[in-house]
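Okay, so here's the structure we're looking at.
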Amino acid sequence: MTQTVSVALGPRSYDIHVGAGLLARSGSLLAPFAHGLVPVVTDANVAPLHLDAVLNSLHARNIDAAPVVLPPGEETKSFAGLEKVCRELLSLGVERSGLIVALGGGVIGDLTGFAAGMLKRGVNYAQLPTTLLAQVDSSVGGKTAIDVPEGKNLIGLFHQPRIVLADISVLATLPRRELLAGYAEVVKYGALRDVEFFAWLETNGAAALAGDEAALARMVAHCCRMKAEIVARDEHEFGERALLNLGHTFGHALEAATNYSGTLLHGEAVAVGMVLAFRLSERLGHSPGAEAERLIRHLKAVGLPTAIDDFAGERPAPERLLEFMQRDKKSDAGRLKFVLARRLGETFLSNDVPAEAVRAVLAQ
741 MTQTVSVALG PRSYDIHVGA GLLARSGSLL APFAHGLVPV VTDANVAPLH
791 LDAVLNSLHA RNIDAAPVVL PPGEETKSFA GLEKVCRELL SLGVERSGLI
841 VALGGGVIGD LTGFAAGMLK RGVNYAQLPT TLLAQVDSSV GGKTAIDVPE
891 GKNLIGLFHQ PRIVLADISV LATLPRRELL AGYAEVVKYG ALRDVEFFAW
941 LETNGAAALA GDEAALARMV AHCCRMKAEI VARDEHEFGE RALLNLGHTF
991 GHALEAATNY SGTLLHGEAV AVGMVLAFRL SERLGHSPGA EAERLIRHLK
1041 AVGLPTAIDD FAGERPAPER LLEFMQRDKK SDAGRLKFVL ARRLGETFLS
1091 NDVPAEAVRA VLAQ
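In terms of our numbering, the sequence shown opens at residue 741 and continues consecutively.
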């Protein structure tokens, strides 16, 4: 059974479909938006697993489609990767009235969405996320970006998709580490605004991670619904949407410090970042330590890292991490901006966090 979540943005509204077997039905679901040749952008890891299902479904609806296969990994989300995908799309003759399909995880979704937003001043695109992280987070809301040495996602734009197809059956092909990285973003939704959902995860999260389709569908749809409601109220992140960055200021700095090398996946960085955000909240007197401990217990129970020392490599110096945070797009006039917590399910944005407090948490 497919669940549909709507992102209400007036004439740019779109639906998120959540369920099993959606890639096999993608032709009929994408047909209303398809004009001319439809490029399907994916990577070399996803292509052998899921590309044929999408191409066959499109062809069955007499939609001409062609694959664009990119190298896998965060390194592709770069200026070089952006140039490559833009030029390949142009060589295929993509039309301004056409549709580009992003088939893959967050890297492919971000890169394809960015390219679609720039090409011919804006081409429609569809998100077909194949990772848990992309299904519950990056495929929804229209944020697109690339990474640069100065930091993560610093070059980008907002460009909403026309449709999102979150096929939960494809999650069975994910390596356990990738699945857990996505689960960190799931936990984030409970931690930032919905303690009842967090409690549900404590009871049912393991079953979802083990492949229980009913639990997976409920989990993914709930996260999409939460994000859709926030995006509808604050599309361009001038206020409430910034709460979705819980753990990300720390997490992005950790990713940058490890050179986006795969030493630390984005979701793993978010898991550690959330713990650090709760520890910072505790240090500043906003949250009792028991809240951080409960978060840590659940993250550890499923196998996610909860501390900087939990991932391989040399521990980044606090000063180096602070430098990356100062460059983060969420900083304001040099002031550090963080999502802080009063308790699980209750977070708020603080625009002026003392660097000394952050340094102390990083050194702890």
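Using N, Cα and C, we set each Cβ at its ideal position, and we do this for glycine too.
Predicted, not measured: the structure shown is a model, and the values here were computed from it.
Cα-Cα separation between residue i and residue j, rounded to whole angstroms
| i | j | result |
| --- | --- | --- |
| residue 805 | residue 1084 | 46 Å |
| residue 1067 | residue 775 | 41 Å |
| residue 757 | residue 930 | 21 Å |
| residue 997 | residue 892 | 10 Å |
| residue 846 | residue 750 | 25 Å |
| residue 957 | residue 908 | 7 Å |
| residue 887 | residue 850 | 10 Å |
| residue 1047 | residue 897 | 32 Å |
| residue 962 | residue 969 | 11 Å |
| residue 768 | residue 787 | 20 Å |
| residue 912 | residue 951 | 7 Å |
Cβ-Cβ distance between residue i and residue j below 7 Å
| i | j | result |
| --- | --- | --- |
| residue 914 | residue 1007 | no |
| residue 1058 | residue 1016 | no |
| residue 799 | residue 763 | no |
| residue 810 | residue 792 | no |
| residue 1022 | residue 1032 | yes |
| residue 1064 | residue 993 | yes |
| residue 1020 | residue 1079 | no |
| residue 839 | residue 802 | no |
| residue 1000 | residue 902 | no |
| residue 869 | residue 820 | no |
Counterpart residues of residue i in DSSP-defined beta bridges
| i | result |
| --- | --- |
| residue 864 | 839 |
| residue 782 | 809 |
| residue 1089 | 1079 |
| residue 747 | 754 |
| residue 1106 | What is shown of the chain runs 741 to 1104, which leaves residue 1106 out entirely. |
| residue 906 | 758 |
| residue 844 | 869 |
Reduced DSSP secondary structure (H/G/I, E/B, other) of residue i
| i | result |
| --- | --- |
| residue 1083 | strand |
| residue 888 | strand |
| residue 797 | helix |
| residue 1047 | coil |
| residue 883 | strand |
| residue 759 | strand |
| residue 1104 | coil |
| residue 834 | coil |
| residue 802 | coil |
| residue 1056 | coil |
| residue 999 | coil |
Sequence ranges, alpha helix (DSSP H) only - wholly within the stretch 936-976, length at least 4: 953-973
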